[in-house]
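Residue numbers (the working numbering): 9 to 541. All residues carry an ideal CB built from backbone N, CA and C; glycine is no exception. Data block below; observations after.
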């Protein structure tokens with residue numbers, strides 16, 4: 009009878025992955041509900057207006073309406089999604105979907121309704137996480153659940169600032185799960201659906217195209233052509249269902265102009281931490297030096313973020329950057345990954361390749377939003393469970409990317425929230441990765457050898473961390489410590505020393521410093537892909 013009794017640990021570990029995942033989601037939901045009264049960005053009104061215009065206007069006027077400055081600039085599937093939500097919004101409070109009277113409407117009803125729709129739409133993220141982790145052991149599953157379901161970046165961007173990134177990234181994860189299973193047709197189909205929800209995910213389209221062409225379509229003229237025809241027809245059907253009505257109305261040009269407003273400028277209002285931060289700072293620095301040397305350097309009338317960029321250059325010294333230049337740079341950065349995908353299309357590498365593609369788009373793309381780092385940080389959480397090196401890379405990248413979002417929550421009452429979220433992520437990811445590394449070392453090599461190997465590692469943090477195998481070198485530790493220095497300067501020292509003067513400096517420091525970390529991540533990912541077999 010004694011052998012039939014289960015220990016507490018065995019009972020705890022016997023719970024199914026689905027049950028565990030739901031518990032993670034439930035805890036995250038409780039936190040999200042507590043964040044309902046917090047700060048809301050203009051994106052909240054953007055989406056409320058989209059509820060109103062899709063509900064109040066015929067389809068033929070959706071991409072023409074300018075009642076609000078927040079015009080519809082997402083693909084049709086997202087507009088249909090807003091139309092679907094608008095039915096329930098009308099039941100909750102008709103003013104939510106009133107085109108004129110609903111402008112800047114902010115009652116508790118509309119706040120709770122829109123916040124709740126984001127939580128509900130996160131079910132796609134839940135399903136994507138489940139599909140990508142169902143074959144992993146329980147320890148790795150729980151690690152990934154904590155990194156993705158409890159992601160501080162998603163909490164900040166979606167559930168405070170307000171957007172639907174979890175919903176859209178969930179669709180991406182579902183597509184990747186099908187590709188990893190070798191179900192290429194379904195993977196391509198889901199990705200096409202995603203593009204019709206949000207076109208900015210198209211940065212990864214070249215990787216999808218090369219991979220599917222080589223892995224799914226290749227293999228003889230007849231077989232290859234027939235599969236290419238099947239895949240092409242399926243993707244065409246998806247795009248036809250999204251854009252077909254507008255093509256029929258003769259409005260496709262208007263839709264394209266709304267989706268790709270290149271006149272907005274090279275950078276977003278808050279400079280995303282990417283390559284163009286260095287380019288802009290170099291231009292500013294050169295202009296300053298040349299003026300001091302007596303050269304007549306004109307101050308540009310155009311802005312890096314405004315529509316005037318299309319009419320004149322915002323640069324004083326360096327050449328003007330156009331959308332075509334950024335497009336070419338993204339493709340060049342992608343080329344090693346495309347070569348690998350063509351040469352050896354491995355399903356187990358697809359998540360790593362897609363993450364790298366979105367990193368390239370973030371680093372070199374046109375008018376990149378700081379929130380776009382979610383597109384590669386979330387998928388890389390699944391890669392992070394594969395090896396200690398992947399874990400260390402993700403740990404640094406996730407901290408830097410999360411910190412780069414701090415300026416989105418600029419009100420004093422949200423400051424403890426974002427700091428607490430980042431600290432909790434630090435603790436959870438550190439403990440989770442350390443346990444993973446320890447298990448890996450313990451099971452594959454003798455304990456004595458493991459201890460000797462880790463003790464010899466340079467830049468180890470402490471004896472306990474050495475045992476876990478999760479070790480950072482001096483450069484990585486110094487860089488992470490620099491984040492604290494940047495925050496102390498921007499939050500406390502700069503206001504104390506300069507008051508309201510040079511208010512742009514703290515934001516600039518965050519952008520430049522985080523850009524160093526993102527660039528490091530891009531180089532690390534590129535090196536990892538090039539060296540892979």
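Item to check | Complete runs of the beta strand (DSSP E) confined to the stretch 312–387 [at least 3 residues] | outcome: none
Checklist entry - Going straight from the alpha carbon of residue 522 to that of residue 351, what length do you get? => result Against the chain shown, residue 522 aligns to sequence position 514. Against the chain shown, residue 351 aligns to sequence position 343. Answer to the nearest angstrom: the Cα atoms are 34 Å apart.
Next on the checklist: Buried or exposed for residue 460, going by 16 or more other Cβ atoms inside 10 Å?
Outcome noted: Position 452 of the chain shown, counted from the start, is the residue given in the question as residue 460. In this prediction, residue 460 scores a pLDDT of 41, lower than 50, which makes its location untrustworthy; the coordinate-derived value is nonetheless stated afterwards. Exposed: under 16 other Cβ atoms inside 10 Å.
Checklist entry - Any idea which residues DSSP pairs residue 275 with across the strands? => result Residue numbering aside, residue 275 sits at position 267 when the chain shown is read from its first letter. Answer is 376, bridged to residue 275.
Item to check | Contained alpha helix (DSSP H) runs [length at least 4] in the stretch 207–245, N- to C-terminal order | outcome: 213–220
Next on the checklist: So, at 8 Å on beta carbons, what are the nonlocal neighbours of residue 154 in its own chain, with the 5 sequence-adjacent residues on each side left out?
Outcome noted: Your numbering for residue 154 matches position 146 in the chain shown. The answer, listed in chain order, is 32, 436, 437, 440.
Item to check | Straight-line Cα distance separating residue 75 from residue 57 | outcome: As a working note, residue 57 is residue 49 in the chain shown. As a working note, residue 75 is residue 67 in the chain shown. Taking the straight line from one Cα to the other gives about 9 Å.
Checklist entry - residue 419: which of 41, 49, 244 sits nearest, CA to CA? => result Along the chain shown, one-based indexing puts residue 419 at 411. The residue with the shortest Cα to Cα distance from residue 419 is 49.
Next on the checklist: Going by DSSP in three states, residue 144 sits in which element: helix, strand or coil?
Outcome noted: As a working note, residue 144 is residue 136 in the chain shown. In this structure, residue 144 counts as coil in the three-state DSSP scheme.
Checklist entry - For residue 273, which option in 284, 72, 264 has the closest C-alpha, if you only look at C-alpha atoms? => result Locating residue 273 in the chain shown gives position 265, counting from the first residue. The candidate whose alpha carbon is nearest that of residue 273 is 284.
Item to check | Close-in-space but distant-in-sequence residues of the same chain around residue 494 (CB under 7 Å, 5 per side omitted) | outcome: In the chain shown, the residue the question calls residue 494 occupies position 486. Around residue 494: 517, 518, 521.
Checklist entry - Among the residues of its own chain, which have a CB less than 6 Å from the CB of residue 130, if the five just before and after it don't count? => result In the chain shown, the residue the question calls residue 130 occupies position 122. 174, listed in sequence order.
Item to check | Own chain, CB closer than 8 Å to residue 188, minus 5 neighbours either side, in chain order | outcome: Indexing the chain shown from 1 puts residue 188 at position 180. Within the same chain, residue 188 has close Cβ partners 140, 355, 356, 358, 359.
Checklist entry - If you count every other CB in all the chains shown that lies within 10 Å of the CB of residue 40, and 16 or more means buried, which is it? => result As a working mapping, residue 40 is identified with position 32 in the chain shown. When all chains shown are included, residue 40 counts as buried.
Checklist entry - Can you check whether the CB of residue 257 is closer than 8 Å to the CB of residue 207? => result Counting from one through the chain shown, the residue named residue 207 turns up at place 199. Counting from one through the chain shown, the residue named residue 257 turns up at place 249. Against a cut-off of 8 Å, the Cβ pair of residue 257 and residue 207 comes out as no contact.
Item to check | Contact check, residue 193 vs residue 229, beta carbons under 8 Å | outcome: Translated into the one-based positions of the chain shown, residue 193 becomes position 185. Translated into the one-based positions of the chain shown, residue 229 becomes position 221. Against a cut-off of 8 Å, the Cβ pair of residue 229 and residue 193 comes out as no contact.
Item to check | Cβ-Cβ distance between residue 204 and residue 246 below 8 Å | outcome: As a first step, residue 204 must be located in the chain shown, where it is residue number 196. As a first step, residue 246 must be located in the chain shown, where it is residue number 238. Cβ distance < 8 Å, so residue 204 and residue 246 count as in contact.
Next on the checklist: Suppose you measure from the CA of residue 426 to the CA of residue 303; what does that come to, to the nearest Å?
Outcome noted: Locating residue 426 in the chain shown gives position 418, where the first residue counts as 1. Locating residue 303 in the chain shown gives position 295, where the first residue counts as 1. Using only the alpha carbons, I get a separation of about 45 Å.
Checklist entry - Is DSSP giving residue 204 helix, strand or coil here? => result Within the chain shown, the letter at position 196 stands for residue 204. In this structure, residue 204 counts as coil in the three-state DSSP scheme.
Item to check | Per-residue burial, residue 328 [other beta carbons within 10 Å of its own, 16 or more giving buried] | outcome: To locate residue 328, count along the chain shown from 1; it is residue 320. Exposed is the call here.
Item to check | Beta-carbon gap between residue 218 and residue 349 smaller than 8 Å | outcome: Locating residue 218 in the chain shown gives position 210, where the first residue counts as 1. Locating residue 349 in the chain shown gives position 341, where the first residue counts as 1. Yes, these two residues count as a Cβ contact at 8 Å.
Checklist entry - What separation, rounded to the nearest whole angstrom, lies between the Cα atoms of residue 280 and residue 488? => result On the chain shown, residue 280 is found 272 positions in, with the first residue counted as 1. On the chain shown, residue 488 is found 480 positions in, with the first residue counted as 1. Rounded to whole angstroms, residue 280 to residue 488 spans 19 Å at the Cα level.
Next on the checklist: Quick check on the DSSP output: what are the complete alpha helix (DSSP H) runs of length 4 or more inside the stretch 89–170, in order along the chain?
Outcome noted: 116–129, 131–141, 146–156, 160–164
Next on the checklist: Here's the rule I'm using: 16 or more other beta-carbon atoms within 10 Å means buried, otherwise exposed. How should residue 178 be labelled?
Outcome noted: Translated into positions along the chain shown, residue 178 becomes position 170. Classification for residue 178: buried.
Checklist entry - In three-state terms, what does DSSP make of residue 282? => result As a first step, residue 282 must be located in the chain shown, where it is residue number 274. Residue 282 falls in the coil class under three-state DSSP.
Next on the checklist: Quick check on this structure: which residue in 105, 145, 99, 69 has the alpha carbon closest to the alpha carbon of residue 28?
Outcome noted: In the chain shown, the residue the question calls residue 28 occupies position 20. When only C-alpha atoms are compared, the closest one is 145.
Next on the checklist: Just verifying my parser: in three-state terms, what is the DSSP assignment at residue 40?
Outcome noted: Translated into the one-based positions of the chain shown, residue 40 becomes position 32. Three-state result, residue 40: helix.
Checklist entry - Are there 16 or more other CB atoms within 10 angstroms of the CB of residue 60, so buried, or fewer, so exposed? => result For this step, residue 60 is matched to residue 52 along the chain shown. Buried, by the Cβ-count rule.
Checklist entry - Going by the CB atoms, is the gap between residue 51 and residue 269 shorter than 8 Å? => result Taking the first residue of the chain shown as 1, we reach residue 269 at position 261. Taking the first residue of the chain shown as 1, we reach residue 51 at position 43. For residue 269 and residue 51, no; Cβs fall outside 8 Å.
Checklist entry - Tell me which same chain residues have a C-beta within less than 8 Å of the C-beta of residue 35, skipping the five on either side of it? => result Sequence index remark: in the chain shown, residue 35 carries index 27 (1-based). Same-chain partners within the cutoff: 158.
Checklist entry - Would you report the Cα separation of residue 137 and residue 505, rounded to the nearest angstrom? => result Taking the chain shown and counting its residues from 1, the one referred to as residue 137 is at position 129. Taking the chain shown and counting its residues from 1, the one referred to as residue 505 is at position 497. Cα to Cα, residue 137 sits roughly 47 Å from residue 505.
Item to check | C-alpha gap between residue 181 and residue 96, whole angstroms | outcome: Within the chain shown, the letter at position 173 stands for residue 181. Within the chain shown, the letter at position 88 stands for residue 96. C-alpha separation (whole angstroms): 27 Å.
Checklist entry - Contact check, residue 529 vs residue 405 under 8 Å by CB: the rounded distance? => result Counting from 1 along the chain shown, the entry for residue 529 is found at position 521. Counting from 1 along the chain shown, the entry for residue 405 is found at position 397. So it is a contact: roughly 5 Å between Cβ atoms.
Item to check | residue 493: first and last residue of the uninterrupted alpha helix (DSSP H) it sits in | outcome: Working through the chain shown from its first residue, we reach residue 493 at position 485. Where residue 493 is concerned, the enclosing alpha helix (DSSP H) stretches over 482–496.
Checklist entry - Does DSSP put residue 540 in a helix, a strand or coil? => result Residue numbering aside, residue 540 sits at position 532 when the chain shown is read from its first letter. Looking at residue 540 - three-state DSSP - the assignment turns out to be coil, as it is neither helix nor strand.
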